[in-house]
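What follows is a set of notes on a single structure, which appears directly below.
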Amino acid sequence: MSQTASSRDEDHPSSALLRALLLLDRGLGLIERTIVAGSILVMALLMSAHVVGSITLGQGITGTYEMTEMLIVIITFVGVGYAARHARHISMSAIYEQLGDQRRKALLMLICLGTALLMFYFSYKSIEYVITLHDRGRTSASLQMPLWIVYLALPIGFALAGIQYVLTLVRNLTSPGIWRSLTEKEDYNDAPMPDSDAKSDDAARD
1 MSQTASSRDE
11 DHPSSALLRA
21 LLLLDRGLGL
31 IERTIVAGSI
41 LVMALLMSAH
51 VVGSITLGQG
61 ITGTYEMTEM
71 LIVIITFVGV
81 GYAARHARHI
91 SMSAIYEQLG
101 DQRRKALLML
111 ICLGTALLMF
121 YFSYKSIEYV
131 ITLHDRGRTS
141 ASLQMPLWIV
151 YLALPIGFAL
161 AGIQYVLTLV
171 RNLTSPGIWR
181 SLTEKEDYND
191 APMPDSDAKS
201 DDAARD
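Each residue of the sequence shown is one higher than the one before, starting from 1 at the first, in UniProt numbering.
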């Protein structure tokens, strides 16, 4: 009984940490989905209204294309964190796939650490860029909207992506197996060799 109780006490901190990380991940996911989905919806409605206005009234909505470009910037950079959350980012896996489980996990953790630092650095430089836009008072041509508001998507998106890589690193440190993100475990299977395929075909014929 004492051994069972002690083992539960040892597992409790990691499980509590995992629950906290999952709660944080859900909150960040809600923010990302709201921003991305809302931007796509506004862009679709705006473009549709512009086309309808051009056809029926002979004049579209002023600044439609400018607003669309701004929304694309927001979707692109906020979507970076969304892609990192679901492990849908581009990866170079030629060397990675040749390693065993432990080495593959170690390499993945190193990649997560390096990428997180890079994302936070990009976020820092983006903040400097946004401050420069604010100080210069730059605005868009048609709508006269301050550009620094639009480009806030850069530091926010990079920061969200960096947080996701940190969460992935912590998940791999505290949980068995290999995790490509906080919630998605790697399902890695070796590609079948030609010899094994031939043997399986022979066995099926016998």
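In this text, a Cβ means the ideal position worked out from N, Cα and C, and glycines have one as well.
Residues near residue i by beta carbon distance below 6 Å, same chain, minus five either side
i       : result
Arg-171 : Trp-179, Leu-182
Ala-116 : Gly-162, Tyr-165, Val-166
Trp-148 : Val-130, Leu-133, His-134
Pro-13  : Here the model assigns Pro-13 a pLDDT of 48, short of 50, so the residue's position is not dependable, and the following value carries that caveat. Correct list: empty, nothing qualifies.
Met-43  : Thr-68, Leu-71
Phe-122 : Phe-158
Ala-94  : none
Leu-57  : none
Residue i versus the options, residue with shortest Cα-Cα distance
i       : options                          : result
Gly-29  : Thr-64, Ala-44, Val-78, Met-47   : Val-78
Ile-111 : Val-52, Ala-84, Leu-152, Val-130 : Ala-84
Ile-141 : Ala-49, Ala-16, Met-109, Glu-69  : The sequence given here places Ala at residue 141; Ile does not occur at that position. Looking at the Cα atoms, Glu-69 is the closest of the given residues.
Met-145 : Arg-104, Glu-66, Gly-58, Ala-94  : Glu-66
Contact under 9 Å by Cβ, residue i with residue j
i       : j       : result
Tyr-151 : Val-73  : yes
Leu-143 : Gly-63  : yes
Tyr-82  : Arg-33  : yes
Ile-40  : Leu-71  : yes
Leu-99  : Leu-169 : no
Leu-46  : Thr-174 : no
Glu-186 : Leu-108 : yes
Chain D within 9 Å of residue i, Cβ atoms only
i      : result
Glu-32 : Of the protein chains in the structure, only one exists, and it is not chain D.
Per DSSP, the bridge partner or partners of residue i
i       : result
Ile-179 : It is Trp, not Ile, that sits at residue 179 in the sequence shown. Paired residues: Lys-185.
Thr-139 : Pro-146
Contacts around residue i, its chain only, beta-carbon distance under 7 Å, and the 5 residues preceding and following it disregarded
i       : result
Ala-153 : Val-73, Ile-74, Phe-77, Val-78
Gly-53  : Gln-59, Gly-60, Ile-61
Tyr-96  : Arg-104, Leu-107
Spatial distance of residue i from residue j (CA atoms)
i       : j       : result
Arg-138 : Gly-27  : 33 Å
Ile-156 : Arg-88  : 19 Å
Arg-104 : His-50  : 51 Å
Ala-16  : Val-36  : 30 Å
Ser-6   : Phe-158 : A caution first: Ser-6 carries a pLDDT of 38, below 50, which makes its placement in the model unreliable, though a value can still be read off. Roughly 41 Å between the two C-alpha positions.
Ile-127 : Val-80  : 17 Å
Gly-177 : Gln-102 : 9 Å
Arg-38  : Ser-48  : The sequence as given places Gly at residue 38; Arg does not occur at that position. For Gly-38 and Ser-48, the distance between alpha carbons rounds to 15 Å.
Pro-20  : Phe-120 : One point to set straight first is that residue 20 is Ala, not Pro, in the sequence displayed. Cα to Cα, Ala-20 sits roughly 22 Å from Phe-120.
Leu-24  : Leu-160 : 11 Å
Beta-carbon proximity list for residue i, same chain, < 8 Å, skipping 5 on both sides
i       : result
Glu-184 : His-86, Ala-87
Leu-22  : Leu-182, Thr-183
Ile-55  : none
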